[in-house]
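A short write-up of the structure that comes next.
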Amino acid sequence: MLLNGTGEVIDDHEYPATTEEMIEEYGDRTLELPNGSETVGDVLARLESETFETPEDARFAVYSAVSDKAIGRVGYSDRDPTPVGSPYSPDAVSF
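Right, here's the structure in full:
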């Protein structure tokens, strides 16, 4: 997700760093997502102000704040109930 060198510049930044410093420095960088794109500035603006102690902290903040443009099919779940009649369905319970 952090293509176009964004991950590398986050790694090379001096820490600790604040959200505001990261936005000022890298806010115009574009993150290409599966369903569009958004800037690092837009992503970090969704967060409260904080101080990142390490590059990993900053990366995780970006990962956690991307919009639903970063996920495949919105509302999709591979945990849907087993279809009726499937040999893999659990045994019925009678109360």
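Take 11 as the starting number for the sequence shown in our numbering and just add one per residue.
For each residue, glycine too, the CB sits at the ideal point set by N, CA and C.
Please read all numbers here as calculations on a predicted model, not as lab measurements.
Spatial neighbours of residue i in its chain, beta-carbon cut-off 8 Å, leaving aside the 5 residues before and after
i, result
"Pro44", "Lys79, Ala80, Ile81 and Gly82"
"Gly124", "Because the chain here runs from 11 to 105, residue 124 falls outside it and cannot be looked at."
"Pro9", "Because the chain in this structure spans residues 11 to 105, residue 9 falls outside the shown range and cannot be described."
Delimiting residues of the beta strand (DSSP E) encompassing residue i
i, result
"Glu29", "Per the sequence shown, residue 29 should be read as Thr rather than Glu. No beta strand (DSSP E) contains Thr29, which is instead part of the alpha helix (DSSP H) from Thr29 to Tyr36."
"Thr92", "No beta strand (DSSP E) holds Thr92; DSSP gives it neither H nor E."
"Glu42", "Thr40 to Leu43"
Buried or exposed by the 16-neighbour rule on C-beta atoms within 10 Å, applied to residue i
i, result
"Ala102", "exposed"
"Phe62", "buried"
Nearest residue (CA-CA) to residue i, options the options
i, options, result
"Glu58", "Glu30, Glu35, Phe105 and Gly37", "Glu30"
"Val76", "Pro65, Thr40, His23 and Pro97", "Thr40"
Check: Within the chosen definition, does the stretch 59-75 reach the stretch 14-34 through at least 3 CB pairs nearer than 8 Å?
Finding: yes
Notebook entry, point to check: Pairing CB atoms from the stretch 42-57 with CB atoms from the stretch 88-101, are three or more of them under 8 Å?
Noted result: no
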